[in-house]
């Protein structure tokens, strides 16, 4: 297991880079996630709370022409499956969760430095993800423009690390959007 102290320090650095939610965010509790790339894997992740407790494990499965990621809770139950089907002009992912509607995450446009994604089919309505690749900062906004989540990627780390804060959006959907 990795040291919790290092994770807390990384979280504090990310917090100092404006990882606060807007005052206009919907009422509710904020959910904070730290997403780490597993060091000895192709594209698998761990999703932890800032204090170091595990929230999800995300494992990549490669198939003939498609990729899928399985989100598993700490007790081993499957929380969601994200699939990237082959043959799409823009990257497209579908997120299937037991008892909920299928969510589609797709790249909205092609721009080298300004990323724009669309999350369709959530219980909160369609969401827009926009950000700057140079700053590694992304905002998740609902149809009214209210920011319901933020994601930040660490600039310099041995393994890929994201910090996600979501308020008014499902944590599994927020983690899937950051991984996509």
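Numbering (the working numbering), first residue to last: 3 to 182. Just so it is clear, CB atoms sit at the ideal spot from N, CA and C, and this is done for glycine as well.
By the C-beta density criterion, residue 90 is exposed, having fewer than 16 other C-beta atoms within 10 angstroms.
If you check the CB distance, residue 153 and residue 49 do not come in under 7 angstroms. Here DSSP, grouped into helix, strand and coil, assigns residue 148 to coil.
Around residue 180, the same chain offers 37, 153, 164, 166 as residues with beta carbons nearer than 7 angstroms, after the five sequence neighbours per side are excluded. Secondary structure of residue 180 (DSSP, three-state): helix.
In terms of Cβ geometry, residue 95 and residue 86 form a close pair [threshold 7 angstroms]. Of all alpha-carbon atoms in 45, 92, 57, the one lying nearest the alpha-carbon of residue 120 is that of 92.
Within the model, the alpha-carbon separation for residue 111 versus residue 131 is close to 11 angstroms. By the C-beta density criterion, residue 136 is exposed, having fewer than 16 other C-beta atoms within 10 angstroms. In terms of Cβ geometry, residue 41 and residue 155 do not form a close pair [threshold 7 angstroms]. Taking 7 angstroms as the cut-off, the Cβ atoms of residue 97 and residue 82 count as close. For residue 72, the three-state secondary structure derived from DSSP is strand. DSSP places residue 163 within a strand segment (E or B) once states are collapsed to three. Judged by DSSP secondary structure, residue 94 falls within the beta strand (DSSP E) whose first and last residues are 94-98. Using a 10 angstroms sphere on the CB of residue 67, the tally of other CB atoms stays under 16, which defines it as exposed.
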